[in-house]
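Everything below concerns the one structure shown next.
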Amino acid sequence: MKARVWIKLVLAIAVISMSGCEKKDATVKEPKAKPGATLEAIQEVTPKAKPEAKEIRQMSANKESFGKTPDGKQVDLYTLTNTSGIRARITSFGAILVSLEVPDRNGKLADITLGFDKLDGYLGVHPYFGAIVGRYANRIGKAAFKLDGVEYKLAANNAENHLHGGIKGFDKVVWRLEDLGVKGAGAVVKMNYISEDGEEGYPGNLACSVTYTLTEDDKLQISYEAETDKKTVVNLTNHSYFNLAGQGTGNILGHELMINADKYTVVDEGLIPTGENRNVKGTPMDFTTPMTIGSRIGQVEGGYDHNYVLKSGGGTLALAAKAYEPTSGRVMEIHTDQPGVQFYTGNFLDGSVTGKAGKVYQKNYGFCLETQHFPDSPNKPDFPSVVLFPGQKYSTVTVYKFSTK
Ligand code: BGC
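When we follow the numbering used here, the leftmost residue of the sequence shown carries the number 683, and every step to the right adds one.
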């Protein structure tokens, strides 16, 4: 008998507390969307109903930990936001742009760059996703060059050639934080790195910095500076892979692209310029008027992987390229003071890399527009010079402007 009373008592308490829970839940107010509203409309209603959504859409610059390198170096993750909701995340490892969330024509954000969620991915072998590439971006033929009659031998990490700064380029080092905050120009993170004399074979101690600035008018600006104590060569760029429909959603062949160049540097089978700058007119290389990337890619052996000679000639900030993705409406305009841009269509992506949100990156899943000096310039006296002298300042800027149509 006693046991039965206890069981009844326990059951009664359980029923009372459960009905209490139900009552509590019922009092929680859900943001209401009109019956029959579309998914977009519901999403629009939801953030307005939540006060914290407003906080996210403020200009801000924050820092958190992104983990440690295998040799125990602390790696940071910086987040820059603006009031349109654009969010750029940058890590001190390789000064890599980890993600870039940008609104589509309905205001819906998507991350438009390929990469990894965690530091681990960037520590492994990967094709320079989002990285700052240096000391010399792109290729140097036969991994060697001469300055004042002295030959400098570099790592041959791309067959017999040198690619993107060597075995441990600027994409694989930890950059030091110099500045982080909201300034007049926008949300800013500035990092620096000292590349020692002889590092990867290059002469001179090179003190470099890279600054990412996210502005209120939806521009992500990357500026680079460097100084040396010995004559050297420098060519820095950012190696982001873009898909304006959202990373990992498919290939980029449907994007419309304009490149403000009527010539490109012809290359040999090792992708080293021959020295000839060829006119694009009447060829699949012509993007002087907007064309979809996929419309003629089949006629270009291996896909696009070419340096375009910008009409501006470099030296002043000018329009280099404009990309438009029709399903999302996202538009990206690139302005640079560099004389060239490498247009690369992710030809070597082959499904072997699993990136952010578990997405598998297949061929042509991203495109790069790497603003730069021409490949192999240290061995091509007719190309714009990449030599940096002691006392001189290397200073260059590239701006990515986002909008929709
Ligand atoms: C080069 C490609 C290379 C890719 C990834 C691009 O800048 O032009 O040839 O495969 O980077 O390394």
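Don't be surprised by glycine CBs; every beta carbon is placed ideally from N, CA and C.
Alpha carbon to alpha carbon, how far is residue i from residue j?
{"i": "ASN887", "j": "ASN874", "result": "13 Å"}
{"i": "LEU935", "j": "SER977", "result": "8 Å"}
{"i": "LYS872", "j": "GLY803", "result": "23 Å"}
{"i": "GLY847", "j": "LYS1041", "result": "28 Å"}
{"i": "VAL1068", "j": "ASN788", "result": "43 Å"}
{"i": "GLN929", "j": "GLU842", "result": "33 Å"}
{"i": "ARG1012", "j": "ASP861", "result": "30 Å"}
{"i": "SER994", "j": "GLU1015", "result": "15 Å"}
{"i": "GLU712", "j": "LEU791", "result": "Low local confidence applies: a pLDDT of 28 at GLU712 is under 50, so the model's placement there is unreliable, and no value is given."}
{"i": "LEU801", "j": "VAL856", "result": "12 Å"}
{"i": "VAL892", "j": "PHE1065", "result": "25 Å"}
{"i": "PHE827", "j": "VAL915", "result": "10 Å"}
{"i": "GLY964", "j": "VAL864", "result": "47 Å"}
{"i": "VAL962", "j": "PRO1060", "result": "25 Å"}
{"i": "VAL1035", "j": "TYR1047", "result": "11 Å"}
{"i": "GLY806", "j": "ILE941", "result": "32 Å"}
{"i": "ILE849", "j": "ALA837", "result": "7 Å"}
{"i": "LEU1001", "j": "ILE814", "result": "21 Å"}
{"i": "LEU762", "j": "SER774", "result": "14 Å"}
{"i": "GLU737", "j": "SER766", "result": "Only weak support exists for where GLU737 lies, its pLDDT of 45 falling under 50; the value from the coordinates is given anyway. Between GLU737 and SER766, the C-alpha separation is close to 12 Å."}
{"i": "TYR1043", "j": "THR751", "result": "25 Å"}
{"i": "PRO966", "j": "ILE979", "result": "7 Å"}
{"i": "VAL1079", "j": "GLU983", "result": "31 Å"}
Would you say the beta carbon of residue i is closer than 6 Å to some non-hydrogen atom of the ligand BGC?
{"i": "TYR810", "result": "yes"}
{"i": "TYR1076", "result": "no"}
{"i": "GLN929", "result": "no"}
{"i": "PHE1030", "result": "yes"}
{"i": "TYR1043", "result": "no"}
{"i": "ASP987", "result": "yes"}
Please confirm if residue i has its CB atom under 7 Å from at least one CB of chain C.
{"i": "ASN840", "result": "Going by chain labels, chain C is absent from the structure shown, which holds only one protein chain."}
Taking the alpha helix (DSSP H) that residue i belongs to, which residues open and close that run?
{"i": "LEU805", "result": "801 to 805"}
Where does residue i fall in DSSP's three states?
{"i": "GLU938", "result": "strand"}
{"i": "GLY930", "result": "coil"}
{"i": "PRO1066", "result": "coil"}
{"i": "PHE1071", "result": "coil"}
{"i": "ILE849", "result": "coil"}
{"i": "GLU907", "result": "strand"}
{"i": "ASN839", "result": "coil"}
{"i": "GLU833", "result": "strand"}
{"i": "GLN1020", "result": "coil"}
{"i": "THR1080", "result": "strand"}
{"i": "GLU1052", "result": "strand"}
{"i": "THR1086", "result": "strand"}
{"i": "SER977", "result": "helix"}
{"i": "LYS913", "result": "coil"}
{"i": "ALA1039", "result": "helix"}
{"i": "LYS750", "result": "strand"}
{"i": "GLY863", "result": "strand"}
{"i": "ALA813", "result": "coil"}
{"i": "LYS824", "result": "helix"}
{"i": "LEU791", "result": "strand"}
{"i": "ARG1012", "result": "strand"}
{"i": "HIS844", "result": "strand"}
{"i": "LYS963", "result": "coil"}
Assuming residue i is part of the beta strand (DSSP E), what are its boundary residues?
{"i": "ARG817", "result": "No beta strand (DSSP E) contains ARG817, which DSSP labels as neither H nor E."}
{"i": "ILE772", "result": "769 to 773"}
{"i": "GLY1033", "result": "Here GLY1033 belongs to no beta strand (DSSP E), and DSSP marks it neither H nor E."}
{"i": "HIS988", "result": "987 to 992"}
{"i": "HIS921", "result": "Counting along the chain, HIS921 falls outside any beta strand (DSSP E), and DSSP gives it neither H nor E."}
{"i": "GLN953", "result": "Looking at the sequence shown, residue 953 is not Gln but Leu. That residue, LEU953, is in no beta strand (DSSP E); it is neither H nor E in DSSP."}
{"i": "ILE876", "result": "869 to 877"}
{"i": "PRO785", "result": "779 to 785"}
{"i": "TYR1006", "result": "1000 to 1006"}
{"i": "TYR894", "result": "888 to 896"}
{"i": "TYR884", "result": "Run containing TYR884: none; DSSP gives neither H nor E here."}
{"i": "VAL856", "result": "Premise fails: VAL856 is in no beta strand (DSSP E) and is neither H nor E."}
{"i": "ASP899", "result": "Neither: ASP899 is in no beta strand (DSSP E) and is coded neither H nor E."}
{"i": "ASN1061", "result": "That residue, ASN1061, is in no beta strand (DSSP E); it is neither H nor E in DSSP."}
{"i": "ASN1046", "result": "Segment: none, ASN1046 is in no beta strand (DSSP E) and carries neither H nor E."}
{"i": "VAL756", "result": "It is Gln, not Val, that sits at residue 756 in the sequence shown. First-last of the beta strand (DSSP E) with GLN756: 756 to 763."}
{"i": "THR1027", "result": "It is not in any beta strand (DSSP E) - THR1027 carries neither H nor E in the DSSP assignment."}
{"i": "VAL948", "result": "943 to 949"}
Is residue i close to the ligand FMN? I mean its beta-carbon at under 6 Å from any heavy atom of the ligand.
{"i": "GLN1024", "result": "Ligands displayed in this structure: the ligand BGC; the ligand FMN is not among them."}
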